[in-house]
Amino acid sequence: MVALKEKKTMSLRTPVTDLFGTEFPIVAGGLQFLADAEYVAACAKAGIIGFMTSNHFQDEKSLRNEICKTRELSEGKPFGVNIAMLPKSTEHERITQIMEIVVDEGVEFVETTGRSPEPYMPLLKGANIKVLHKVPGLKYAEKAQAVGVDMVTIVGWECGGHPGPNAIGSIVNAALAEERLSIPYLIGGGIGHGSQIAAALSMGASGVLLGTRFLASTEIGAHEGYKEALLKASENDTTISLWSVRNNARTLANETTRIVAELERANPDAGIAQLMPYVAGQILIDTYKTGDTSLGMVYAGQALGFVRESVPVAETVKLLIQQFNTARERLCSLSY
Ligand SMILES: Cc1cc2nc3c(=O)[nH]c(=O)nc-3n(C[C@H](O)[C@H](O)[C@H](O)COP(=O)(O)O)c2cc1C
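In structure tokens, the structure reads:
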């Protein structure tokens with residue numbers, strides 16, 4: 001027991017902490033419009049790695065500026081850039097340009113998601129960038145492993161954002177991944193308590209990825225009304241829609257998801273055009289500005305059940321580690 005107590009002050013070394021050079025095997029995934037320099041630097045200073053989202057920057061200069069700002073605020077601690085891709089490449093996307101900027105700015109870590117990063121691996125690996133690829137299912141993780149990513153995150157059905165089509169939960173992913181993958185993996189989706197981190201590590205994961213648990217953090221630059229809505233919400237307050245366009249998303253259940261569900265039921269083949277007036281990104285930007293969560297696709301997952309106060313990221317990390325230690329002690333105290 002004494003040995004356990006002494007370990008509380010130490011870092012928790014796994015392949016995740018070794019790869020990123022962080023204190024704890026916790027990763028803060030990209031959060032569209034929210035994971036900016038302030039938030040990602042707060043993650044860095046809390047001993048974890050965060051990924052700054054890149055897709056919404058309309059021009060090269062503003063993306064470069066945000067990367068520089070993140071580096072400055074992180075004060076030498078590790079950070080990464082999130083590059084979310086659509087399931088199929090489109091004529092007007094700027095993924096190649098973003099990758100080139102990330103390389104040029106000397107970013108060390110990227111989190112890719114959405115589709116296979118295979119076409120970009122030569123560019124990223126040529127620049128010695130470590131690639132953490134995020135997938136919503138084990139079969140995609142096996143493909144990612146085959147194309148040479150450094151690590152893979154498997155997000156389960158509980159996750160905020162895009163849980164994929166397969167409806168498999170994180171506890172199943174965690175144990176199966178240990179059998180099927182040879183590269184280190186992280187488990188995400190529904191994680192918001194340190195006992196879940198202990199569970200994931202004991203099942204073979206090298207770390208965990210969190211999104212929803214950090215949404216109400218003081219460093220998240222969104223309206224207080226938005227954070228209050230998250231604090232009031234529970235694990236029961238999310239829903240999944242956008243099935244008809246094969247890009248299903250878990251968000252807060254609100255007026256928009258009610259309308260979208262009706263439209264998808266009535267016209268399942270009508271495509272994204274019929275839904276755009278309700279799901280456009282600008283509506284979400286307005287939500288973050290005004291705090292009104294009744295409209296828009298307000299991404300959030302079942303880990304909302306753990307989001308009870310708006311505190312700095314570092315405080316949440318500290319709590320998660322305390323809870324992890326309690327769970328670990330519980331296991332260690334079991335006797336036969
Ligand atoms: C508000 C919100 C925005 C997100 N935006 C992105 C994004 O831009 N890029 C990305 O790769 N993942 C995004 N995600 C997914 C998270 O990075 C992460 O995979 C997910 O939140 C993990 O599940 P959890 O919410 O249960 O912790 C988002 C999730 C949320 C809740």
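Residue 1 is where the sequence shown starts when you use my numbering, and the numbers rise one by one after that. All C-beta atoms in this analysis are idealised placements derived from N, C-alpha and C, irrespective of residue type, glycine included. Since we're looking at a predicted model, the values are computed, not measured.
- Comparing alpha carbon positions, the residue from G148, E315, G188, S195 closest to Q323 is S195.
- Put simply, the region 105-124 touches the region 79-87. At least three CB pairs are less than 8 Å apart.
- Relative to the non-hydrogen atoms of ligand 1, the Cβ of A300 comes within a distance shorter than 8 Å of at least one.
- For M151, the pairing in a beta bridge is given by DSSP as L132.
- Apart from sequence neighbours up to five positions away, the residues of its chain that approach P78 with a beta-carbon distance below 8 Å are F20, G21, T22, A44, I49, E108, F109, ordered along the chain.
- Relative to the Cα of E255, the nearest Cα in the group E118, A205, T293 belongs to T293.
- With fewer than 16 other CB atoms across the displayed protein chains lying within 10 angstroms of its CB, V172 is exposed.
- DSSP places S11 in the coil class of the three-state scheme, outside both helix and strand.
- Under a 10 Å Cβ-count criterion, T238 is classified as buried, with 16 or more other Cβ atoms of the shown protein chains found around its own Cβ.
- Fully enclosed beta strand (DSSP E) runs of no fewer than 3 residues occupy 249-252 of the region 242-306, in order along the chain.
- If you look at Y226, you'll find it in the alpha helix (DSSP H) that goes 224-232.
- Residue T290 holds the alpha-carbon nearest to the alpha-carbon of G221 among T290, R328, L304, L63.
- Relative to ligand 1, the beta carbon of C43 is positioned no closer than 8 Å to any heavy atom.
- In the DSSP assignment, no residue is bridged to F57.
- Under the 10 Å beta carbon count, P119 is surrounded by fewer than 16 other beta carbons and is classified as exposed.
- Taken through DSSP and simplified to helix, strand or coil, M52 comes out as strand.
- Close CB contacts of I197 within its chain, under the 6 Å cut and outside five residues either way in sequence, are with V208, F324 (chain order).
- Annotation: the continuous alpha helix (DSSP H) that includes E100 extends over 95-104.
- For N325, there is no enclosing beta strand (DSSP E); the residue is found in the alpha helix (DSSP H) stretching over 313-332.
- If you look at A205, you'll find it isn't in any alpha helix (DSSP H); DSSP assigns it neither H nor E.
- Classified as exposed, Q97 has fewer than 16 neighbouring CB atoms from the shown chains inside 10 Å of its CB.
- Approximately 6 Å separates the beta-carbon atoms of L252 and A233; this is inside 8 Å, confirming the contact.
- By the criterion of a C-beta distance shorter than 7 Å, A127 is surrounded in its chain by V103, once the five residues flanking it on both sides are discounted.
- Here V152 is near I183, since their CB atoms are less than 9 Å apart.
- Between A303 and G190, the CB-CB gap stays under 9 Å.
- Taking the Cα of E142 as reference, the smallest distance to any Cα among E105, V307, E178, A28 is reached at E178.
- Pairing A200 with I187, the inter-Cα distance amounts to about 7 Å.
- The C-alpha of E224 lies about 18 Å from the C-alpha of F306.
- Taking C-alpha positions only, A167 is separated from V155 by approximately 10 Å.
- Within its own chain, the residues whose Cβ lies closer than 6 Å to the Cβ of S74, once the five positions on either side in sequence are excluded, are A41, A44, listed in chain order.
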